[in-house]
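K.L.:
The structure follows.
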Ligand SMILES: NC(=O)c1ccc[n+]([C@@H]2O[C@H](COP(=O)([O-])OP(=O)(O)OC[C@H]3O[C@@H](n4cnc5c(N)ncnc54)[C@H](OP(=O)(O)O)[C@@H]3O)[C@@H](O)[C@H]2O)c1
């Protein structure tokens, strides 16, 4: 594993990090995700990404992670970077959603309890809140850092202009924004339109989520929708209607380029993100140890020729 510096901070993150959004909830198989966590750590994945609502049931991924941490990793806490977030709906009523100080700080307390931790390494505002003043949301992140309940602050899915402002506000509160977590993959390139430049300018790390487009940029759906897939499962965020003929046709052609590079499609999709030095770490999800092993091999070849990049762009831009 290589570790890349996260913006201008003291932290280095593994080029591949593991997210627990799917496959670690109360509906999933403990022995499977326990093995995934072990393999990940053994392979140098030191960063594990959670959020208050990961499951289903919401909160169960944090609970499960907490149990495994206690059982298997109790003496390894200082070797791990653990993150959590608040910003999407978590509990009923007006205080369990979006970006108020009330929501963020009580949610962080709940997350720490569920994971049985004294602190998380990164606490994120999970999404921008159009109605709460940015000063209030950033103030809550700063407060979490002052209290020692989080070592660093992060933001997720903030557009470029709001990111700039959020970073300034945090700075005024003497807290550096460590990292931004945007959706970014070959199928979703919005960050190339200004956000990556802002992150570079302001010295903030970038950890793209859903780099495999929830499985669409893997070989999983090339021959139909398997029953053991996120799209097929009723609780999966990827819906059957998201598996469109257009996306599968593009994935098949990208797969041909991947094969020429001696990579699987998922390996190429990860490498394609890591070719950019502004990307600190790629945040993958997996439902098995085999998928994890497959994806880790992406790190064997992160270089693309100009010709390969042109061919990929051509496929991605085609209407
Ligand atoms: N900040 C945010 O708002 C936000 C939003 C979403 C996600 N995230 C974070 O990003 C993490 C990753 O998101 P994601 O799970 O959507 O990422 P992803 O890496 O795009 O998709 C993961 C899924 O792709 C399939 N897959 C992975 N490797 C494969 C392989 N080698 N061969 C075949 N299929 C493979 C698996 O699907 P199957 O399960 O069908 O096997 C796996 O569950 C999350 O866990 C979370 O931490 C953050």
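Residue numbers (the numbering used here): 55 to 373. Think of the CB as a built atom: it goes at the ideal place given N, C-alpha and C, for glycine as much as any other residue.
Please classify residue 228 as buried or exposed, where buried requires at least 16 neighbouring CB atoms within 10 angstroms.
P.N.:
Here residue 228 refers to the residue found at position 174 when the chain shown is read from its first residue. Burial call: exposed.
K.L.:
Please classify residue 174: does DSSP put it in a helix, a strand, or coil?
P.N.:
Taking the chain shown and counting its residues from 1, one reaches residue 174 at position 120. In this structure, residue 174 counts as strand in the three-state DSSP scheme.
K.L.:
Between the region 70-78 and the region 181-188, do three or more beta carbon pairs fall short of 8 Å?
P.N.:
Between the region 70-78 and the region 181-188 there are fewer than three C-beta pairs closer than 8 Å, too few to call the two in contact.
K.L.:
Buried or exposed: residue 363, going by 16 or more other Cβ atoms within 10 Å of its Cβ?
P.N.:
Stepping through the chain shown from its first residue, residue 363 is reached at position 309. Exposed is the call here.
K.L.:
Quick check: the Cα distance between residue 199 and residue 320, rounded to an integer number of angstroms?
P.N.:
Here residue 199 is taken as the residue at index 145 of the chain shown, counted from 1. Here residue 320 is taken as the residue at index 266 of the chain shown, counted from 1. Looking at the backbone, the Cα of residue 199 and that of residue 320 are separated by about 36 Å.
K.L.:
Looking at residue 351 and ligand 1, is the gap between the Cβ and the nearest heavy atom below 7 Å?
P.N.:
What you label residue 351 is simply residue 297 of the chain shown in a count that begins at 1. Not under cutoff, so the answer is no.
K.L.:
Our contact map puts residue 350 next to residue 70 with C-beta atoms below 8 Å; I'd like the distance itself, whole angstroms only.
P.N.:
Looking up residue 350 in the chain shown gives position 296. Looking up residue 70 in the chain shown gives position 16. Residue 350 to residue 70, Cβ: 6 Å. Contact.
K.L.:
If we ignore side chains and look at the alpha-carbon of each, how far apart do residue 92 and residue 224 end up?
P.N.:
The residue you call residue 92 lines up with position 38 of the chain shown. The residue you call residue 224 lines up with position 170 of the chain shown. When rounded, the distance between both Cα atoms is 35 Å.
K.L.:
Among the residues of its own chain, which have a CB less than 7 Å from the CB of residue 292, if the five just before and after it don't count?
P.N.:
In the chain shown, the residue the question calls residue 292 occupies position 238. 268, 269, 284, 285.
K.L.:
If you measure between the beta carbons of residue 195 and residue 179, is that distance less than 8 Å?
P.N.:
Here the question's residue 195 lines up with position 141 in the chain shown. Here the question's residue 179 lines up with position 125 in the chain shown. Contact: yes.
K.L.:
Just to confirm the assignment, what range does the beta strand (DSSP E) spanning residue 57 have?
P.N.:
As a first step, residue 57 is located in the chain shown; it is residue number 3 there, counting from the start. For residue 57, the enclosing beta strand (DSSP E) starts and ends at 57-59.
K.L.:
DSSP puts residue 336 in a beta bridge; with which residues?
P.N.:
As a first step, residue 336 must be located in the chain shown, where it is residue number 282. Bridge partners of residue 336: 70.
K.L.:
Measure how close the beta-carbons of residue 64 and residue 257 come, nearest whole angstrom, since I'm counting them as under 8 Å.
P.N.:
Residue 64 sits at position 10 when you count from the first residue of the chain shown. Residue 257 sits at position 203 when you count from the first residue of the chain shown. At roughly 12 Å, the Cβ-Cβ gap does not stay under 8 Å, so residue 64 and residue 257 are not in contact.
K.L.:
Nearest-angstrom Cα distance between residue 357 and residue 56?
P.N.:
Numbered from 1 along the chain shown, position 303 holds the residue referred to as residue 357. Numbered from 1 along the chain shown, position 2 holds the residue referred to as residue 56. Taking the straight line joining both Cα atoms gives about 15 Å.
K.L.:
Report whether the distance from the Cβ of residue 93 to the nearest heavy atom of ligand 1 is below 7 Å.
P.N.:
The residue given as residue 93 occupies position 39 in the chain shown. For ligand 1, not one heavy atom lies less than 7 Å from the Cβ of residue 93.
K.L.:
Does DSSP put residue 214 in a helix, in a strand, or in coil?
P.N.:
For the purposes of this step, residue 214 is identified with residue 160 of the chain shown, where counting begins at 1. Residue state, collapsed to three classes: helix.
K.L.:
So if DSSP puts residue 233 in a beta bridge, which residue, or which two residues, is it bridged to?
P.N.:
As a working mapping, residue 233 is identified with position 179 in the chain shown. Bridge partners of residue 233: 208, 259.
K.L.:
Pull up the DSSP beta-bridge partners for residue 102, would you.
P.N.:
Your numbering for residue 102 matches position 48 in the chain shown. Paired residue(s): 72, 136.
K.L.:
Could you check what DSSP says for residue 77 in three-state terms: helix, strand or coil?
P.N.:
Position 23 of the chain shown, counted from the start, is the residue given in the question as residue 77. Three-state DSSP puts residue 77 in coil, outside helix and strand.
K.L.:
If you draw a straight line from the C-alpha of residue 193 to the C-alpha of residue 155, how long is it?
P.N.:
Working through the chain shown from its first residue, we reach residue 193 at position 139. Working through the chain shown from its first residue, we reach residue 155 at position 101. Those two C-alpha atoms are separated by around 7 Å.
K.L.:
DSSP state of residue 357, grouped into three classes?
P.N.:
Here residue 357 refers to the residue found at position 303 of the chain shown. If DSSP states are grouped into helix, strand and coil, residue 357 belongs with coil.
K.L.:
In whole angstroms, what is the alpha-carbon distance linking residue 334 and residue 311?
P.N.:
As a position in the chain shown, residue 334 is number 280, starting the count at 1. As a position in the chain shown, residue 311 is number 257, starting the count at 1. Distance between the alpha carbons of residue 334 and residue 311: 25 Å.
K.L.:
Is residue 272 near ligand 1, in the sense that its beta carbon is under 7 Å from a heavy atom of that ligand?
P.N.:
In the chain shown, residue 272 corresponds to position 218, counting from 1. It does: the Cβ of residue 272 is within 7 Å (strictly closer) of some heavy atom of ligand 1.
K.L.:
With hydrogens ignored, establish whether the beta-carbon of residue 127 is closer than 7 Å to any heavy atom of ligand 1.
P.N.:
Locating residue 127 in the chain shown gives position 73, where the first residue counts as 1. No, ligand 1 has no heavy atom inside 7 Å of this Cβ.
K.L.:
By DSSP, does residue 242 sit in helix, in strand, or in coil?
P.N.:
Locating residue 242 in the chain shown gives position 188, counting from the first residue. Correct three-state label for residue 242: strand.
K.L.:
Using alpha carbons as the reference points, say which of 150, 132, 287, 245 lies closest to residue 82.
P.N.:
If you number the chain shown from 1, residue 82 lands on position 28. The candidate whose alpha carbon is nearest that of residue 82 is 287.
K.L.:
Would you kindly work out how many angstroms separate the C-alpha atoms of residue 157 and residue 345, rounded to a whole number?
P.N.:
As a working note, residue 157 is residue 103 in the chain shown. As a working note, residue 345 is residue 291 in the chain shown. About 35 Å.
K.L.:
Would the C-beta of residue 187 count as close to ligand 1, meaning under 7 Å from any of its heavy atoms?
P.N.:
Looking up residue 187 in the chain shown gives position 133. The answer is no for residue 187.
K.L.:
Ligand 1 heavy atoms versus the CB of residue 75: any closer than 7 Å?
P.N.:
The residue given as residue 75 occupies position 21 in the chain shown. Yes.
K.L.:
Using only the heavy atoms of ligand 1, determine whether one of them is closer than 7 Å to the beta carbon of residue 235.
P.N.:
Looking up residue 235 in the chain shown gives position 181. Residue 235 Cβ: within cutoff of ligand 1.
K.L.:
Taking residue 243 as the reference, which of 297, 367, 176 has the closest Cα?
P.N.:
On the chain shown, position 189 is the one that residue 243 refers to. For the residues 297, 367, 176, the minimum Cα distance to residue 243 belongs to 367.
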